[in-house]
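*Asks:*
2 protein chains.
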Amino acid sequence: MPDEELLYDLADLFKVFSDTTRIKILYALFDTPRSVNDIAETIGATQSAVSHQLRILKQARLVRFDRDGRSLIYSLADDHVHTMLAQGMTHICE
Amino acid sequence: MPDEELLYDLADLFKVFSDTTRIKILYALFDTPRSVNDIAETIGATQSAVSHQLRILKQARLVRFDRDGRSLIYSLADDHVHTMLAQGMTHICE
DNA sequence: TGATTATATGAACGCATGCTCATATGTCAA
DNA sequence: TTGACATATGAGCATGCGTTCATATAATCA
C-alpha cells in the first residue's frame, strides 16, 4: 500500500482529467498548440471558462505555454499526457 | 477531435479514479482480493462508505466480485486497472 | 500615451458528490 | 424459522467545483 500522501496526489491527478472541459482542452492541444481564444472557439467554451481550467492544467503541469505577441500559445506539457489520454480511451473502447 | 460523447465517457472514467477512498480501495485490491469488511479495515473507512464506493467502481467495471459464504470477495476487474494506476503513479513520481 | 486586444482573476451561484446514520436486504447456522 | 453476520441502500447534510459575469492585468500598436 503506497504512502497516504501519494494516494492523495494520485487522486488529484486523475481529478484534473475528470472534467469534460479540461479533456476537451487537452484534445484540442493533442497535436496543435493553440492560443486561449483558439481553444475557446475550438471546444465551444467561454474564454473565461477556458482560462480558469488552463490554470488548473498548468498547476498539474499538464500544459505549458509560450508567448507569441499578445497571445499565449498553450501546448501539452509532455508525452505523458498523450499516454494518459490514450490509456483511458483504450479502456473506454473495449 | 473525438466524438463529444466519447469525451464525456473518458472524463467519467477518470472521475472514478479521482477520489481518495476509491483509490485506496483499488490499491487494497491491487494484488489481493478482499471482502467488503476487509477492505474497510484495510483502508480505515466505514463499511457503508466502502460499499457506496464499490457500487461506483462496479458500475465503471473496475472491480468484480465472487461470493464466499456470506462474504463478497472483490477484486480488480482486469489488468487495465493496474495499468491506469501505474501510469498515473509514474506521472506523479517524476 | 492611449486604445485595443488577449488573458487572468474574483465573487457568487447552482449542482454534483461523498460521508454519516439508520435501516433494509440477503445469507448462513443452529 | 430465528438470530447473527455481511453487505447494500436511502435520506440528509456539508463540501467542493465549474460556470458566468464583471473587472483587472498585461502587452502591443497607432
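Just so you know, the sequences run in chain order F and V. For the record, in the first sequence the residue sitting at position 30 is 83 according to our numbering, with numbers rising by one throughout. For the record, in the second sequence the residue sitting at position 23 is 76 according to our numbering, with numbers rising by one throughout. Every residue gets a Cβ at the ideal spot worked out from N, C-alpha and C, and that includes glycine. All values derive from a computational prediction rather than experimental measurement.
With a Cβ-Cβ cutoff of 8 Å, do Asp62/F and Ile92/V count as a contact?
*Replies:* In the first sequence, counting from the first residue as 1, residue 62/F sits at position 9. In the second sequence, counting from the first residue as 1, residue 92/V sits at position 39. No, the Cβ-Cβ distance between Asp62/F and Ile92/V is not below 8 Å.
*Asks:* Step through the CB atoms of chain V and report whether any lies within less than 8 Å of the CB of Asp72/F.
*Replies:* Taking the first residue of the first sequence as 1, we reach residue 72/F at position 19. Yes, Asp72/F lies at the interface with chain V (some Cβ there is under 8 Å from its Cβ).
*Asks:* Is the Cβ of Leu59/F closer than 8 Å to any Cβ of chain V?
*Replies:* Here residue 59/F corresponds to residue number 6 of the first sequence, with the count starting at 1. True, the Cβ-Cβ gap to chain V drops below 8 Å.
*Asks:* Does any C-beta atom of chain V lie closer than 8 Å to the C-beta of Pro55/F?
*Replies:* Along the first sequence, one-based indexing puts residue 55/F at 2. Output row for Pro55/F: interface = yes.
*Asks:* The beta strand (DSSP E) with Asp62/F in it runs from where to where?
*Replies:* For this step, residue 62/F is matched to residue 9 along the first sequence. Element bounds for Asp62/F: not the beta strand (DSSP E) but the alpha helix (DSSP H), Glu57 to Val69.
*Asks:* Looking at the secondary structure, which residues open and close the beta strand (DSSP E) in which Leu125/F lies?
*Replies:* Start at 1 with the first residue of the first sequence, and residue 125/F comes out as number 72. First-last of the beta strand (DSSP E) with Leu125/F: Ser124 to Leu129.
*Asks:* Please work out which residues of its chain come closer than 8 Å, Cβ to Cβ, to Gln100/F, disregarding the five sequence neighbours upstream and downstream, and give them in chain order.
*Replies:* Numbered from 1 along the first sequence, position 47 holds the residue referred to as residue 100/F. These residues qualify, in order along the chain: Val89, Asn90 and Ala93.
*Asks:* From this set, Met54/F, Asp56/F and Tyr80/F, which residue's C-alpha is nearest Ala64/V's C-alpha?
*Replies:* As a first step, residue 64/V must be located in the second sequence, where it is residue number 11. Of the listed residues, the one whose Cα sits closest to Ala64/V is Tyr80/F.
*Asks:* State yes or no: is the C-beta of Met142/V within less than 8 Å of the C-beta of Phe70/V?
*Replies:* Start at 1 with the first residue of the second sequence, and residue 142/V comes out as number 89. Start at 1 with the first residue of the second sequence, and residue 70/V comes out as number 17. Taking 8 Å as the Cβ cut-off, Met142/V and Phe70/V do not qualify as a contacting pair.
*Asks:* Quick one: what's Ser88/V bridged to in DSSP?
*Replies:* Residue numbering aside, residue 88/V sits at position 35 when the second sequence is read from its first letter. Paired residue(s): Ile126/V.
*Asks:* So does Gly97/F have its beta carbon nearer than 7 Å to some heavy atom of the ligand SAM?
*Replies:* The ligand SAM is absent from the structure shown, which contains no ligands of any kind.
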